[in-house]
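For what it's worth, the numbering used here labels the leading residue of the sequence shown as 66, then goes sequentially.
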Amino acid sequence: MITFFQQSLDRICIAAATKSVSTGWRRPGQAARAVELLADPDFLTPVVPPAELTFQSKSRFTFPSVVRAPWDTPTAPGRFQRTRGDWQKAPAVILLHGWNGEMGYYFSFPLVERALAANGINALAFELPFHGRRRPRVRGEITNLISDDLLTMVEGMRHCLADALSLRLWLLEQGCPSVSLWGYSLGGWLTGLLSAHPHPFEASVLMNAVSRMDLAMATLPFAEPAREGMREQPLDLQTLNLTSVKPTVKHTLILAGQRDLFVPRETLDELAQKWTHAEIWRMRHSHISSVLGAVTLFRAVRWLRRRLLHN
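Printed below as a string of structure tokens:
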């Protein structure tokens, strides 16, 4: 019964996600330009300056993205939960939410952020491009990270990476001794890519991460617009698989939902075998129900505390 309920959540969300994407955005030559951008050796490691944060309250801020795109908002919103005492001497974690994962960002992540802060770790979360208040509202604009316009989709991926890296530099600029990552679903995939950055992060938590982007784009119903775009010219998505990158991060925890209908559990088992230093926890959850698993989330917070504060 529990399995049926958990997987029903996944089925409902897959159906809703499929309705949220659309076709008809392709522009002449966009596929070829997407291939060129993806082949750029600096695609996964864009060089960026530190973000410039403006705080509206103690915890809420905005910042202009270091990547300017016609479809993005002038500033991006985020939250920064400081730990008690001299927070600038404490480690920090950047949290990356999932695709169409505004509910997780608004309701689940704040619990994790407060738990991290209570355990001596600063927590920073921000809205990814094409999500929340950064989702384009003007008629005639692409409103989703996934579409049949491959160039915009690939640019959006790079945009996410660049924002996270610029926020990392801001945290280091403030004095934080280390920066780690925590990502869920799409955010888990981004976390995995950033875990291979030449300037290593301290630790990473990959929660139901899309470790095989080629498989996800080939099989998930809501990826059909992207598949339609790739009929014009295929993208080499294997380069975006987490099994294709070499991690530089010191500590990795993989949280794998054993009832996940988005991310096949064997893909995360494969990732754990490939990333030999990684620890994997197999959760009795589906993709969506895992964000409700408070016990596992708080265990992961304690896992981070042991590695960030007791080394």
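For each residue, glycine too, the CB sits at the ideal point set by N, CA and C.
Legend entry - For T83, three-class secondary structure by DSSP: The residue labelled residue 83 in the question sits at position 18 within the sequence shown. T83: helix per DSSP, three-state reduction.
Inset, instruction - Mark S130 as exposed unless 16 or more other C-beta atoms lie within 10 angstroms of its C-beta, in which case mark it buried. - result: Here residue 130 refers to the residue found at position 65 of the sequence shown. The C-beta of S130 has 16 or more other C-beta atoms within 10 Å across all chains shown, which makes the residue buried.
Legend entry - Nearest-angstrom Cα separation, counted from H162 out to V113: For the purposes of this step, residue 113 is identified with residue 48 of the sequence shown, where counting begins at 1. For the purposes of this step, residue 162 is identified with residue 97 of the sequence shown, where counting begins at 1. Answer to the nearest angstrom: the Cα atoms are 21 angstroms apart.
Legend entry - Residues near A180 by beta carbon distance below 8 angstroms, same chain, minus five either side: If you number the sequence shown from 1, residue 180 lands on position 115. The answer, listed in chain order, is L362, F363 and V366.
Inset, instruction - Kindly indicate which three-state DSSP category H264 falls into: helix, strand or coil? - result: Looking up residue 264 in the sequence shown gives position 199. Here H264 sits in coil by DSSP.
Inset, instruction - Report yes if the C-beta distance between L307 and S355 is below 9 angstroms; otherwise report no. - result: Residue numbering aside, residue 307 sits at position 242 when the sequence shown is read from its first letter. Residue numbering aside, residue 355 sits at position 290 when the sequence shown is read from its first letter. No, they are not a contact pair.
Legend entry - Contact under 9 angstroms by Cβ, D228 with A141: As a position in the sequence shown, residue 228 is number 163, starting the count at 1. As a position in the sequence shown, residue 141 is number 76, starting the count at 1. A contact, by the Cβ cut-off of 9 angstroms.
Inset, instruction - Determine the direct distance from the alpha carbon of T127 to that of A378, and round the result to whole angstroms. - result: Because residue 378 is not part of the residues shown, which for the chain are 66 to 376, the question remains open.
Legend entry - Euclidean distance between Cα positions of A291 and D279: The sequence position of residue 291 within the sequence shown is 226, counting from 1. The sequence position of residue 279 within the sequence shown is 214, counting from 1. Those two C-alpha atoms are separated by around 11 angstroms.
Legend entry - Endpoints, alpha helix (DSSP H) assigned at P175: For this step, residue 175 is matched to residue 110 along the sequence shown. Note, P175: alpha helix (DSSP H), F174 to A183.
Inset, instruction - Look at the alpha carbon of E331 and the alpha carbon of A288, and state the distance between them as a whole number of angstroms. - result: To locate residue 331, count along the sequence shown from 1; it is residue 266. To locate residue 288, count along the sequence shown from 1; it is residue 223. Looking at the backbone, the Cα of E331 and that of A288 are separated by about 20 angstroms.
Inset, instruction - Return the bridge partner residues of V10 from the DSSP annotation. - result: Within the shown structure, residues of the chain are numbered from 66 to 376, placing residue 10 beyond reach of any answer.
Legend entry - N-terminal and C-terminal residue of the beta strand (DSSP E) that H316 is part of: The count along the sequence shown starts at 1 and reaches residue 316 at position 251. Counted as a single uninterrupted DSSP element, the beta strand (DSSP E) harbouring H316 occupies residues H316 to G322.
Legend entry - Three-state secondary structure (DSSP) of W346: Here residue 346 is taken as the residue at index 281 of the sequence shown, counted from 1. Strand, per DSSP.
Legend entry - DSSP three-state assignment for M66, whether helix, strand or coil: Mapped onto the sequence shown, residue 66 falls at position 1. Three-state DSSP puts M66 in coil, outside helix and strand.
Inset, instruction - If I'm right that L369 touches A268 with Cβ under 8 angstroms, what's the distance once you round it to whole angstroms? - result: Taking the sequence shown and counting its residues from 1, one reaches residue 369 at position 304. Taking the sequence shown and counting its residues from 1, one reaches residue 268 at position 203. Cβ-Cβ separation between L369 and A268: approximately 6 angstroms, consistent with a contact (criterion under 8 angstroms).
Inset, instruction - Using three-state DSSP, classify S354 as helix, strand or coil. - result: The residue labelled residue 354 in the question sits at position 289 within the sequence shown. S354: helix per DSSP, three-state reduction.
Legend entry - Cut-off 7 angstroms between Cβ atoms - residues of its own chain near T148, not counting five sequence neighbours on either side: Here residue 148 corresponds to residue number 83 of the sequence shown, with the count starting at 1. The residues are A155, A182, G185, I186 and N187.
Legend entry - Distance between Q71 and G253 (C-alpha atoms, nearest Å): As a first step, residue 253 is located in the sequence shown; it is residue number 188 there, counting from the start. As a first step, residue 71 is located in the sequence shown; it is residue number 6 there, counting from the start. If I take the Cα positions, the gap works out to 20 angstroms.
Legend entry - Own chain residues within Cβ distance below 7 angstroms of L300, not counting five before or after: Within the sequence shown, numbered from 1, the residue matching residue 300 stands at position 235. Hits under 7 angstroms: A99, V100, L103 and L215.
Inset, instruction - Just tell me which of L302, V314, L251 and Q298 has its CA closest to the CA of V328. - result: Along the sequence shown, one-based indexing puts residue 328 at 263. Of the listed residues, the one whose Cα sits closest to V328 is L251.
Legend entry - Proximity to H352 [Cα-Cα], best of D137, G322 and A337: The residue you call residue 352 lines up with position 287 of the sequence shown. Considering only alpha carbons, the answer is G322.
Inset, instruction - Measure the beta-carbon distance from T317 to A343 and round it to whole angstroms, keeping in mind my assumption that it falls under 8 angstroms. - result: Mapped onto the sequence shown, residue 317 falls at position 252. Mapped onto the sequence shown, residue 343 falls at position 278. Their Cβ separation, rounded to whole angstroms, is 4 angstroms, which keeps T317 and A343 in contact under 8 angstroms.
Legend entry - Beta bridge counterpart(s) of Y171 as assigned by DSSP: Position 106 of the sequence shown holds residue 171. DSSP links Y171 through a beta bridge to no other residue.
Inset, instruction - Take T266 as the anchor and find which of G89, L160 and A116 has the nearest alpha-carbon. - result: The residue given as residue 266 occupies position 201 in the sequence shown. Note that residue 266 is Phe in the sequence shown here, rather than Thr. Of the candidates G89, L160 and A116, the one whose C-alpha sits nearest the C-alpha of F266 is L160.
Legend entry - Unbroken beta strand (DSSP E) run spanning P142, endpoints: For the purposes of this step, residue 142 is identified with residue 77 of the sequence shown, where counting begins at 1. A141 to Q146 is the span of the beta strand (DSSP E), which, as asked, contains P142.
Legend entry - Beta-carbon spacing of M222, W247 below 9 angstroms: Working through the sequence shown from its first residue, we reach residue 222 at position 157. Working through the sequence shown from its first residue, we reach residue 247 at position 182. By the CB criterion at 9 angstroms, M222 and W247 fall outside the cutoff.
Inset, instruction - To the nearest angstrom, report how far apart P263 and V244 are at their CA atoms. - result: The count along the sequence shown starts at 1 and reaches residue 263 at position 198. The count along the sequence shown starts at 1 and reaches residue 244 at position 179. So the alpha carbons of these two residues sit roughly 14 angstroms apart.
Inset, instruction - Report the rounded CA-to-CA distance for A281 versus D151, giving the unit in angstroms. - result: As a working note, residue 281 is residue 216 in the sequence shown. As a working note, residue 151 is residue 86 in the sequence shown. The straight-line gap separating the alpha-carbon atoms of A281 and D151 is approximately 43 angstroms.
Legend entry - Element boundaries [beta strand (DSSP E), containing F126]: As a working mapping, residue 126 is identified with position 61 in the sequence shown. Element bounds for F126: R125 to F128.
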